[in-house]
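Trainee: Dropping the structure in here first, questions after.
In our numbering, the protein residues as written are -11 to 114.
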């Protein structure tokens, strides 16, 4: 049984390393912020989860698995939020190549918000 778990561990570790490498290459090669953000968040998180599973299969102690689960939960909660904030910041500072966007829903919402502010006047009533 230990041999099977060690082989599964090696497969998970190699798969996680390959996904992390692909994420790193994507960050270097993709043309704009949104594409790079996608490459940095999606395969990197899955790669880290595969690495954590591989390490958990190799170590097999309760304390180590608990620590690995905490790392996975922290990564799964922070990576999407960080990617979202980077994307919004890049969009608002006009660092996004809009010619590469297929659908641009955020520009419609921002324009709608600007019109609402212009109609209501300044927030302090001046």
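Here a beta-carbon is modelled for each residue, glycine too, at the ideal position from N, C-alpha and C.
#1: Mapping DSSP to helix, strand and coil, what is residue 118?
#2: Just the Cα atoms here: how many angstroms apart are residue 7 and residue 35?
#3: Thinking C-beta only, is residue 15 closer than 7 Å to residue 28?
#4: Based on Cα-Cα distance, which residue from 98, 88, 59, 87 lies nearest to residue 76?
#5: What residue range is occupied by the uninterrupted alpha helix (DSSP H) comprising residue 143?
Mentor: This is what the structure gives:
#1: Nothing can be reported for residue 118, as the shown portion of the chain is limited to -11 through 114.
#2: Roughly 5 Å between the two C-alpha positions.
#3: At the C-beta level, residue 28 and residue 15 come within 7 Å of one another.
#4: With distances taken between Cα atoms, residue 76 lies closest to 98.
#5: With the chain running from -11 to 114 in the structure shown, residue 143 is simply not present.
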